[in-house]
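First residue of the sequence shown? That's 0 in numbering that gives the first Met the number 0, and the numbers climb one at a time after it.
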Amino acid sequence: MHDTAINQNELVSKDYLTVTIADQLFGIPVLQVQDVLRGQVVTKVPLAAPEIAGSLNLRGRVVTAIDVRKRLKLEDNAINKNSMSVVVEHGHELYSLIIDSVGDVLSLKDKVFEKNPGTLDPLWMDISIGIYQLEDDLLIIMDVARLLEYVNN
0 MHDTAINQNE LVSKDYLTVT IADQLFGIPV LQVQDVLRGQ VVTKVPLAAP
50 EIAGSLNLRG RVVTAIDVRK RLKLEDNAIN KNSMSVVVEH GHELYSLIID
100 SVGDVLSLKD KVFEKNPGTL DPLWMDISIG IYQLEDDLLI IMDVARLLEY
150 VNN
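Below, the structure is given as structure tokens:
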């Protein structure tokens, strides 16, 4: 038997799909990601909230498309055929989160996860559960339920 005990938290890690919104790196828990799409045709929904870009058809299912930039009250970035989206499931419904770009999947150790710093933009803090300080960047972990909570109201 060894005298050095291994702390289980040092071994536990989570996987995140990285996405960029307005030059900020966000992480979406991989277990919530259903699909990654490029250039989907989005049908406008009359009288919908500004954050709702419309709906799209994904293999026979109607998916609500959310413009994450508008949800975060950021400068508009025209949605076009080069736009990317990440499909997530919330409340047994599918949502397409329209974002600027999709990056890599990162596996990050729980021991380096931090709570939101007080200096984080309040709008970003509202939709995040914490951060990881990466070598060259700050990764904000997105709370998908909080991001989408207005949709169900």
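Backbone N, C-alpha and C define an ideal beta-carbon position, used for all residues, glycine too.
Since we're looking at a predicted model, the values are computed, not measured.
By Cβ distance below 6 angstroms, which residues in the same chain neighbour residue i in space, the five residues on each side in sequence not counted?
{"i": "residue 25", "result": "18, 139, 141"}
{"i": "residue 48", "result": "none"}
{"i": "residue 146", "result": "126"}
{"i": "residue 101", "result": "18, 35, 83"}
{"i": "residue 14", "result": "29, 104, 106"}
{"i": "residue 22", "result": "none"}
{"i": "residue 70", "result": "50"}
Where DSSP assigns a beta bridge to residue i, which residues make up the other side?
{"i": "residue 14", "result": "106"}
{"i": "residue 96", "result": "65, 85"}
{"i": "residue 113", "result": "130"}
{"i": "residue 23", "result": "20"}
{"i": "residue 153", "result": "Past the boundaries of the shown model lies residue 153; the chain is included only from 0 to 152, so the question cannot be answered."}
{"i": "residue 60", "result": "57"}
{"i": "residue 28", "result": "15"}
Between residue i and residue j, how many whole angstroms is the CB-CB distance? I'm expecting something under 8 angstroms.
{"i": "residue 35", "j": "residue 83", "result": "7 angstroms"}
{"i": "residue 97", "j": "residue 52", "result": "6 angstroms"}
{"i": "residue 104", "j": "residue 11", "result": "Residue 104 to residue 11, Cβ: 17 angstroms. No contact."}
{"i": "residue 27", "j": "residue 85", "result": "6 angstroms"}
{"i": "residue 129", "j": "residue 113", "result": "6 angstroms"}
{"i": "residue 122", "j": "residue 72", "result": "6 angstroms"}
Closer than 8 angstroms by C-beta to residue i: which residues in its own chain qualify, once you throw out the five before and the five after it? Chain order, please.
{"i": "residue 144", "result": "89"}
{"i": "residue 74", "result": "21, 68"}
Taking all protein chains shown into account, decide if residue i is buried (16 or more other Cβ within 10 angstroms of its Cβ) or exposed.
{"i": "residue 16", "result": "buried"}
{"i": "residue 66", "result": "buried"}
{"i": "residue 87", "result": "buried"}
{"i": "residue 39", "result": "buried"}
{"i": "residue 32", "result": "buried"}
{"i": "residue 55", "result": "buried"}
{"i": "residue 68", "result": "buried"}
Evaluate contact between the segment 53 to 61 and the segment 79 to 97, counting only Cβ atoms and requiring at least three cross-stretch pairs below 8 angstroms.
Segments in contact, yes.
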